[in-house]
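In order, the protein sequences belong to chains A and B. Per our numbering, residue 1282 is the first one in the first sequence, and the count goes up by one each step. Per our numbering, residue 263 is the first one in the second sequence, and the count goes up by one each step. Read the structure below first, then the notes.
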Amino acid sequence: KQEVTQIPAALSVPEGENLVLNCSFTDSAIYNLQWFRQDPGKGLTSLLLIQSSQREQTSGRLNASLDKSSGRSTLYIAASQPGDSATYLCAVAYSNYQLIWGAGTKLIIKP
Amino acid sequence: DAGVIQSPRHEVTEMGQEVTLRCKPISGHNSLFWYRQTMMRGLELLIYFNNNVPIDDSGMPEDRFSAKMPNASFSTLKIQPSEPRDSAVYFCASSLGPGSYEQYFGPGTRLTVT
């Protein structure tokens, strides 16, 4: 069964720290992996998409890596800010449209 | 572009009533998705359209749920009759097409069935 796991479920860190969110998946035959953020009561915002052939993607203070052999992806956030507080979701595509979702990591950045 | 547009943003209705949720995908996107999000089950794909054709509706919970996409710029998700267990946030998302493309989500419709 294809499963996506995100650990920890919640994380609280002081402002300014660098942090890493983890995503693991059971089946390495993926199309791509996408990281989203969700603010309370809001929709999902796509942050980064890593294709199966790629090792990492960067956007501003965010860097996502992909290691298919170990079934892992990490989202690195540099110099965290209170505005980064949100739930971060990892989604793995195993077909050309179906995403398997992690349960998310709720991130709180303390001022 | 305005992004994916959904309406209404909030819907409160009584059990047994018909509910219609609406979605306008990003112009030029050929794939459209309807998702449901609950605390218990997380995000679930309900139905996927490509070029206005339903490709996978295996996630539609039961016959009370139906979805249509009459043209490339409009889709509806209908629940008839609604039940309290249908209470959830319903998201519409679109992408350029099948394959390795990002999915862009709308703001969602929060449905409460009393």
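C-beta atoms are modelled at their ideal positions from N, C-alpha and C, and glycine is treated no differently.
For phenylalanine 367 of chain B, the neighbours in chain A by C-beta distance under 7 Å run, in chain order, Gly1324 and Leu1325.
For glycine 290 of chain B, no chain A residue has a Cβ inside 9 Å of its Cβ, as the nearest lies near 16 Å away. Beta bridge pairing from DSSP links threonine 1386 of chain A with A:Tyr1369. Residue pairing by DSSP places tyrosine 310 of chain B opposite B:Phe295 and B:Asp318 in a beta bridge.
Three or more pairs of CB atoms, one per stretch, sit closer than 8 Å, so the region 1309–1316 of chain A contacts the region 1327–1341 of chain A.
With contact defined as three or more Cβ pairs closer than 8 Å, the region 346–355 of chain B and the region 292–306 of chain B are in contact. With fewer than 16 other Cβ atoms inside 10 Å of its own Cβ, glutamate 1284 of chain A counts as exposed. In this chain, the beta strand (DSSP E) harbouring arginine 1318 of chain A covers 1313–1319.
A direct Cα-to-Cα measurement between valine 1301 of chain A and aspartate 319 of chain B gives close to 36 Å. Looking at the backbone, the Cα of leucine 1356 of chain A and that of threonine 282 of chain B are separated by about 37 Å.
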